[in-house]
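For the sequence shown, the positions run 1 to 99 when UniProt numbering is used. Quick reminder that beta carbons are idealized off the backbone N, C-alpha and C, glycines included. Remember, it's a predicted structure, so these values are computed and weren't measured experimentally.
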Amino acid sequence: RATRRIGPAELALRVGGQLASQPLVSAEQFAVGGADTVRGYPEAASSADYGVLASLELRSRNLAPALLSAFEGANLPPFTDLVFFGFGDAARVALIEPE
């Protein structure tokens with residue numbers, strides 16, 4: 001995982017993968033899907049012998065202090081964090097056919 005600050009935002013890139021030379025039992029397969037790999041899909045939605053995944057995230061700095069001071073005196077609910085967050089996830093997996 002690599003993270004870099006870009007102005008008031010932060011950019012994070014994560015890549016991962018697995019290689020195999022022969023078919024694997026299911027417990028050893030590379031699984032994708034779920035909160036830690038491809039968000040929006042069920043946990044371990046797909047698994048295979050080898051694969052690769054990548055995730056790119058863009059997060060803003062905490063905007064709550066600026067927003068609260070801009071609307072000082074307004075009846076805003078109390079909060080301490082307001083961060084805009086965008087992401088893209090992708091993965092590709094494949095099975096090795098037994099010989």
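Cβ-based neighbour list, residue i, same chain, cut-off 8 Å, excluding 5 preceding and 5 following
| i | result |
| --- | --- |
| proline 8 | Ser60, Arg61 |
Per-residue DSSP class, three states only, for residue i
| i | result |
| --- | --- |
| glutamate 57 | strand |
| glutamate 97 | coil |
| alanine 27 | helix |
| alanine 44 | coil |
| alanine 74 | coil |
Residue i burial status per 10 Å Cβ neighbour count (16 or more: buried)
| i | result |
| --- | --- |
| valine 93 | buried |
| valine 83 | exposed |
| leucine 76 | exposed |
| threonine 80 | exposed |
Close beta carbons around residue i, own chain, < 7 Å, minus the five adjacent residues each side
| i | result |
| --- | --- |
| glutamine 18 | Phe30, Tyr50, Gly51 |
| alanine 20 | Asp49, Tyr50, Ile96 |
| leucine 56 | Leu13, Phe87, Gly88 |
6 Å CB neighbourhood of residue i in its chain, flanking five on each side removed
| i | result |
| --- | --- |
| arginine 4 | Leu11 |
| leucine 39 | For the sequence presented, residue 39 should be read as arginine rather than leucine. These residues qualify, in order along the chain: Asp89. |
| arginine 1 | Arg14 |
N- and C-terminal bounds of the beta strand (DSSP E) containing residue i
| i | result |
| --- | --- |
| leucine 11 | 9-18 |
| alanine 2 | 2-6 |
Given 8 Å, three or more beta-carbon pairs between the segment 58-77 and the segment 24-42: Short answer: they don't touch.
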